[in-house]
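Here is the structure we will look at, set down as structure tokens.
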Amino acid sequence: MRSFIPNLLTSLNLLCGVVGIVLTFNQGLTEAFYLILLAAVFDFFDGFAARMLKVNSDLGKELDSLADMVTFGVLPGMMLFQYISISQGNYFTPIYARTNIDLAISFIGFLVPIFSALRLAKFNIDTNQTHHFLGLPTPANAILIGSLGFIMEIQFNINYYVPLANEQLSAVTRLNYWGRFEFYTVLGFFETNFHLILAVVLSSLLVSRIPLFSLKLKSLKFKENKLVFSYLIFLLAIILLNFLPYFVPIKRWIPIWVSLDFLLIPLAIVFYIIFSLIGFRSFNHEVQS
0 MRSFIPNLLT
10 SLNLLCGVVG
20 IVLTFNQGLT
30 EAFYLILLAA
40 VFDFFDGFAA
50 RMLKVNSDLG
60 KELDSLADMV
70 TFGVLPGMML
80 FQYISISQGN
90 YFTPIYARTN
100 IDLAISFIGF
110 LVPIFSALRL
120 AKFNIDTNQT
130 HHFLGLPTPA
140 NAILIGSLGF
150 IMEIQFNINY
160 YVPLANEQLS
170 AVTRLNYWGR
180 FEFYTVLGFF
190 ETNFHLILAV
200 VLSSLLVSRI
210 PLFSLKLKSL
220 KFKENKLVFS
230 YLIFLLAIIL
240 LNFLPYFVPI
250 KRWIPIWVSL
260 DFLLIPLAIV
270 FYIIFSLIGF
280 RSFNHEVQS
């Protein structure tokens, strides 16, 4: 029964991925993102439960990789496919009615599942990734990709499935009193090239040799987890500053102040990469000194 608990959590992770794929093809990109977040929780606690119950097994490790492949590999790839289809104005066009060129461009989103598989396979056989990662972890990659549709619908209150022409977007901008930042962010999310570049960059990061720190704490001592605590403190400060205008009229004093709101989700992944690069470079410099 003890070994059943971690495997159950891993299976729930897999269930989230399968249901998320179904939702992605039924105008449920936001709901699919919620499932990615829920799956990330299951993914964290299945390993935690296995360590606490002392039931680590080869079966659990293989099941975990297979579940991650579906939820954090296939699902974000499907979402990217849909993002590209939306940007082309093809979301409601049946597959057989699309041009071969449009389909080929949309299929670039499937680079993510391919490189996620390579990343997970390398992780399984690499003994150097016990305390840190080499390359972007698949859950972080999936959260970044999944957040885009969520941001468009929840933060900007736009029907992401119907691309807006420039004139329509300008009218929405005036209606919502948006500034240039909001206008160009929404415009960028409707651009095919943005999603194509994102697919290539994230796929490259998945299999890169860039060292990224693990968020698992060795202990509660700051000295032993300087990088993790520094990142979390920085992230908390950014979140507090982001929501400050809701409580203090800071825009009256600083007119150019921009509230990122849920854009902090993908930015948190970017900050994670930056902190890892700075942290490991500092560590290597200390060792050489």
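Start counting the sequence shown at 0; every next residue gets the next number (numbering that gives the first Met the number 0). From the three backbone atoms N, C-alpha and C, an ideal C-beta is built for every residue, glycine too. All values reported here derive from a predicted model rather than from experimental measurement.
Coarse secondary structure for residue i, derived from DSSP in three states
i, result
"Leu34", "helix"
"Ser146", "helix"
"Leu135", "coil"
"Gln154", "helix"
"Asp125", "coil"
"Asn89", "coil"
"Val17", "helix"
"Phe246", "coil"
"Phe114", "helix"
"Val257", "coil"
"Lys60", "helix"
"Val286", "No answer about Val286 holds up, because its pLDDT of 37 lies below 50 and its placement is not dependable."
"Thr98", "coil"
"Gln81", "helix"
"Arg50", "helix"
"Phe274", "helix"
"Asn241", "helix"
"Gly27", "coil"
Per-residue burial, residue i [other beta carbons within 10 Å of its own, 16 or more giving buried]
i, result
"Pro265", "buried"
"Gln287", "Only weak support is given to the placement of Gln287: the predicted model assigns it a pLDDT of 42, under 50, and the value that follows is read from those uncertain coordinates. When all chains shown are included, Gln287 counts as exposed."
"Tyr176", "exposed"
"Met151", "buried"
"Phe24", "exposed"
"Arg118", "buried"
"Glu181", "buried"
"Tyr230", "buried"
"Asn140", "buried"
"Ile157", "buried"
Beta carbon of residue i nearer than 8 angstroms to that of residue j
i, j, result
"Thr172", "Ser86", "no"
"Val199", "Phe212", "no"
"Val69", "Gly145", "no"
"Gln154", "Phe47", "no"
"Asp45", "Leu8", "yes"
"Phe80", "Ser64", "no"
"Phe279", "Leu234", "no"
"Leu22", "Gly148", "no"
"Ala38", "Pro5", "no"
"Ile107", "Ile83", "yes"
* Asked: Does the count of Cβ pairs from the segment 126-145 and the segment 50-60 closer than 8 angstroms reach three?
  -> no
* Kindly provide the ranges of any beta strand (DSSP E) runs that are 3 or more residues long and lie completely inside the segment 161-238, ordered along the chain. => 210-212
* To do: Give a yes or no on contact between the segment 201-208 and the segment 131-139, applying the rule of three or more CB pairs nearer than 8 angstroms.
  => yes
* Asked: At a cut of 8 angstroms, does the segment 66-81 reach the segment 17-35 through at least three beta carbon pairs?
  -> yes
* Asked: Between the segment 160-167 and the segment 81-98, do three or more beta carbon pairs fall short of 8 angstroms?
  -> yes
* Asked: How about the segment 230-239 and the segment 180-196: do they share at least three Cβ pairs that are nearer than 8 angstroms?
  -> no
* Give a yes or no on contact between the segment 110-119 and the segment 39-55, applying the rule of three or more CB pairs nearer than 8 angstroms. => no
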